[in-house]
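Below is one structure, written out as structure tokens; comments come after it.
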Amino acid sequence: MKTLRLLTAVSIAALAATTAASAQQKTLYVAGYGGSFEKTIRDEVIPSFEKENGVKVEYVAGNSTDTLAKLQAQKGNQQIDVAIVDDGPMYQAIQLGFCGKLDGLPADLYDTARFKDDRAVAIGIVATGLMYNTKVFAEKGWAPPTSWNDLKDAKYAKQLVIPPINNTYGLEALVMLSKMNGGGEANVDSGFKIFKEEINPNVLAYEPSPGKMTELFQSGQAVIAVWGTGRVQSFANTGFPVDFVYPKEGAATLLTTACPVTKPNASPLASSFVKMLLDPKIQLVMLKEYGYGPVLKSLVVPAEFGKMAPIGERAAKLYNPDWTVINEKREEWTKRWNREVER
């Protein structure tokens with residue numbers, strides 16, 4: 018009888034384990050950028066991940082501030098499993114306790130790719146600088162831009178597009194212009210003054226949407242913009258005549274980052290998805306299709322893939338913003354921006 022009870026108990030435990038396994042999350046929700054990044058993830062990452070893990074991946078597109086807002090709105094009842102955002106919002110997500118720990122990260126990650134306690138990881142290095150229409154510039158006899166100060170040039174009146182400062186590209190432009198004029202993260206007054214008085218007359222739109230940004234160039238309304246190497250590389254890959262400029266005063270670092278979202282009964286597949294983005298094959302895809310500088314030291318980069326991406330000396334010269342200072346001031350700056358600049 019005792020043996021029977023023991024066998025029954027073992028059977029029940031085994032059944033419970035089987036039930037738990039069968040009840041394992043069948044859908045993984047990944048929140049990340051839209052546009053060409055979303056297409057790359059859907060084409061190059063999701064199909065193989067679904068096949069290998071027997072799970073359905075639902076991709077939720079939005080910019081970094083959108084994704085952070087979703088995490089805050091869902092606090093206590095998180096629906097997102099993986100968050101892919103810019104480094105600034107990622108620091109906020111970690112501080113707010115939204116990111117779980119990543120185990121088993123590659124040993125050859127660059128130091129800049131690692132976050133404290135491995136609560137997130139960079140999956141690509143982007144440079145924020147200038148994009149311009151090479152065909153229009155050639156037709157008009159204009160020299161390619163070389164400086165952040167070129168954004169003030171009156172010949173670009175109503176032909177300049179810049180993302181707003183709730184977007185990392187626009188925010189980093191504000192920081193760089195402040196830094197060039199005696200300020201920096203701790204004092205952005207000079208940057209605000211330049212935007213308000215000298216750059217605003219040239220601005221066609223403060224546009225956060227990647228799709229609308231490319232539409233403004235394709236329609237001929239915009240000829241110059243502030244954007245990142247990833248977006249510009251992807252746009253150039255379509256055959257449209259654009260190029261990226263590393264301003265002589267320096268381009269700013271933007272890390273594309275990912276973390277598994279912490280929540281009760283979190284799926285281990287969330288960490289697996291993040292780590293798949295670090296696979297050398299995916300890193301090369303991101304470099305080729307999206308202009309991301311790789312985060313793996315050992316990755317051999319084919320010369321034809323690295324035309325725009327921050328690699329080697331270009332990566333070493335990037336300016337790394339102080340996100341601790343920025344995130345403390347970001348809400349205040351956004352309100353000021355809406356009041357003084359983008360009215």
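In this note's numbering, the protein residues as written are 18 to 360. Ideal Cβ positions, reconstructed from N, Cα and C, are used throughout, including at glycine. Remember, predicted model here, so these are calculated numbers, not experimental data.
Per-residue DSSP class, three states only, for residue i
i, result
"residue 78", "strand"
"residue 124", "coil"
"residue 297", "helix"
"residue 237", "coil"
"residue 73", "strand"
"residue 117", "coil"
"residue 211", "helix"
"residue 254", "helix"
"residue 206", "helix"
"residue 36", "Low confidence applies to residue 36: its pLDDT is 36, below 50, so where it sits in the model is not reliable, and the reading given next is rough at best. Residue 36 falls in the helix class under three-state DSSP."
"residue 136", "coil"
"residue 159", "coil"
"residue 277", "strand"
"residue 182", "coil"
"residue 243", "strand"
"residue 323", "coil"
DSSP bridge partner residues for residue i (one or two, in chain order)
i, result
"residue 261", "148"
"residue 59", "None, per the DSSP bridge assignment."
"residue 360", "Note: residue 360 sits in no beta bridge, so no partner."
"residue 270", "144"
"residue 313", "126"
Any chain C beta carbon closer than 8 Å to residue i
i, result
"residue 357", "Within the model displayed, chain C is absent; a lone protein chain is all it includes."
Terminal residues of the alpha helix (DSSP H) in which residue i lies
i, result
"residue 49", "Segment 44 to 49 is the beta strand (DSSP E) holding residue 49; no alpha helix (DSSP H) there."
"residue 332", "330 to 333"
"residue 336", "Looking at the DSSP string, residue 336 is not in any alpha helix (DSSP H), and its letter there is neither H nor E."
"residue 194", "185 to 197"
CB contact flag (residue i, residue j, <8 Å)
i, j, result
"residue 328", "residue 61", "no"
"residue 146", "residue 263", "yes"
"residue 276", "residue 130", "no"
"residue 392", "residue 284", "Given that the chain is displayed from residue 18 to residue 360, the structure contains no residue 392 and the question cannot be resolved."
"residue 220", "residue 148", "no"
"residue 316", "residue 104", "no"
"residue 77", "residue 290", "no"
"residue 141", "residue 309", "yes"
"residue 233", "residue 178", "yes"
"residue 203", "residue 342", "yes"
"residue 193", "residue 267", "yes"
"residue 227", "residue 53", "yes"
Start and end residues, beta strand (DSSP E) containing residue i
i, result
"residue 102", "99 to 103"
"residue 222", "220 to 223"
message: Any contact between the region 80 to 90 and the region 57 to 68? By contact I mean 3 or more CB pairs, one from each, below 8 Å.
response: no
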